[in-house]
Amino acid sequence: MTLYDDVSFVIRAKNRNNVFQALTIPKTPTQLSKQLDINIGYVSNIIIELLKRELIECLSPNEKRHRLYKISKKGANVINEIKTLDN
5 MTLYDDVSFV IRAKNRNNVF QALTIPKTPT QLSKQLDINI GYVSNIIIEL
55 LKRELIECLS PNEKRHRLYK ISKKGANVIN EIKTLDN
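If you count the sequence shown from 1, position 65 lands on 69 in this note's numbering, and the numbers rise without skipping.
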């Protein structure tokens, strides 16, 4: 998978893009749901998709609830490319 495959994956869905961009600062799914006004179940599905592509990482994997997620190094490259495309 190329960088542009990941960029396309993120930007082709508004909510996915919003969740992804919001994770530049570590957040829980509940925080994302409230901040972005998106159903928690939908946020959870987006997180699973982003984790599979290694665009985000879990900072507290041993926790059952209130796990914190943030952009991974790979995800940071995707964010930078999205910003380039927006200019």
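Ideal placement from N, C-alpha and C gives every residue a C-beta, glycine not left out. On a predicted model such as this, the values are computed, not experimentally measured, just so you know.
Can you have a look at L27 and say buried or exposed, based on whether 16 or more other CB atoms are within 10 angstroms of its CB?
-> buried
Residue range of the alpha helix (DSSP H) that includes K78 = 77-90
Pair within 8 Å by beta-carbon distance, L59 and K31 = no
Using 10 angstroms around the beta-carbon of R20, count the other beta-carbons present and answer buried if the total reaches 16, otherwise exposed.
-> buried
Within 10 angstroms of the Cβ of D10, are there 16 or more other Cβ atoms? Answer buried if so, exposed if not.
-> buried
Where does K31 sit, in a helix, a strand or coil, going by DSSP?
-> strand
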